[in-house]
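Just below is one structure, and these are the notes that go with it.
Residue numbers (my numbering): 720 to 1009.
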């Protein structure tokens, strides 16, 4: 697939997962749902590998790196995001997650000696400004009273951990590990670590057999995990984490568009300006030479 198609697959699927996740909330604790999601995704990948006779064998040192990727990208990142959203609006969490672009740019410079492009930094600034305007109605009501400050800290830590997961995935790809095998093992390790966390914190090992929960789980596992992360990490390997991280800006635009169609979201003028800024930043970060 071309870079553009990989990007569109990533943001298109992840932009729709916000709707699917709503059907996961309720009976099953969030951390347990995350464990089911990535555990099922890992089984799908490993089953496909067996069907195609693809090797998933690695040495112990490689498994440690894969476990670290699973912990950061498919484990702690998701748990902390759920914890943040218990105290913050999803809009504010989306704005904070858009900062991942700067974390990725800094990480690529410090860890891989990859200098940032000026247009990427400018595009990141435009994107963050755009996401801020998109969720301005939510942000204007924000207050640090109560547990909101704690939620803000959790969201920042989750964003940093997600960026470190991007750096680990970059390292694993540069070590020659195929994306398919990376995700199979990393998702399995992530699922087991999240499940261990859930059990240690006393959460119920529950499962909901309703049509809505099972279908949303299948969608999140196959599309939101296997396909979207496969596309994103392939893109990350091709263009670098700094530029691929712009998905954190484009995903809220897709999510709000779908919310308009399926949930009747009412747009304000300032949100339209936010979309234009996101698109302008997108052209700068991902566009070719003028």
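We put the CB at the ideal spot given by N, CA and C, even for glycine.
- Residue 833: not part of any alpha helix (DSSP H); DSSP gives it neither H nor E.
- About 26 Å separates the beta carbon of residue 821 from that of residue 906, a gap too long to meet the 8 Å contact definition.
- The alpha-carbon of residue 978 is positioned some 34 Å away from that of residue 836.
- Contact annotation: the region 896-905 touches the region 769-780, with at least three C-beta pairs closer than 8 Å.
- Residue state for residue 884 is assigned as helix, using DSSP reduced to three classes.
- Taking 8 Å as the upper bound for CB-CB distance, residue 941 and residue 763 are in contact here, some 6 Å apart.
- A direct Cα-to-Cα measurement between residue 728 and residue 924 gives close to 32 Å.
- Within the region 834-921, the complete alpha helix (DSSP H) segments at least 4 residues long are 837-853, 855-858, 867-893, 898-919, listed from N- to C-terminus.
- If you draw a straight line from the Cα of residue 866 to the Cα of residue 726, it is about 36 Å long.
- Judged by pairs of C-beta atoms under 8 Å, the region 882-890 touches the region 780-799, as three or more such pairs exist.
- One thing to note: residue 876 has its Cβ within 7 Å of the Cβ of residue 799.
- In the same chain as residue 808, and ignoring 5 residues on each side of it, the C-beta atoms closer than 6 Å to its own belong to 857, in chain order.
- Just so you know, the alpha carbons of residue 987 and residue 765 end up roughly 46 Å apart.
- Contact between residue 731 and residue 973 is confirmed by a C-beta separation of about 6 Å, below the 8 Å threshold.
- Judged by DSSP in its simplified three-state form, residue 986 adopts coil rather than helix or strand.
- Within the same chain, Cβ atoms closer than 7 Å to the Cβ of residue 964 are found at 819, 820, 823, 885, the five residues on either side in sequence being excluded.
- A straight-line Cα-Cα distance of about 20 Å links residue 897 and residue 910.
- Per the coordinates, the alpha-carbon of residue 813 lies some 23 Å from the alpha-carbon of residue 1006.
- At the C-beta level, residue 852 and residue 992 come within 7 Å of one another.
- Judged by DSSP secondary structure, residue 954 falls within the alpha helix (DSSP H) whose first and last residues are 947-958.
- Residue 750 is positioned such that its CB atom lies no closer than 7 Å to that of residue 933.
- Assigned with DSSP and collapsed to three states, residue 723 falls in helix.
- In this structure, the CA atom of residue 855 is about 20 Å from the CA atom of residue 1001.
- Around the beta carbon of residue 815, a 10 Å sphere encloses 16 or more other beta carbons of the protein chains shown; the residue is thus reported as buried.
- Under the 10 Å beta carbon count, residue 970 is surrounded by 16 or more other beta carbons and is classified as buried.
- Rounded to the nearest angstrom, the gap between the Cα atoms of residue 868 and residue 860 is 14 Å.
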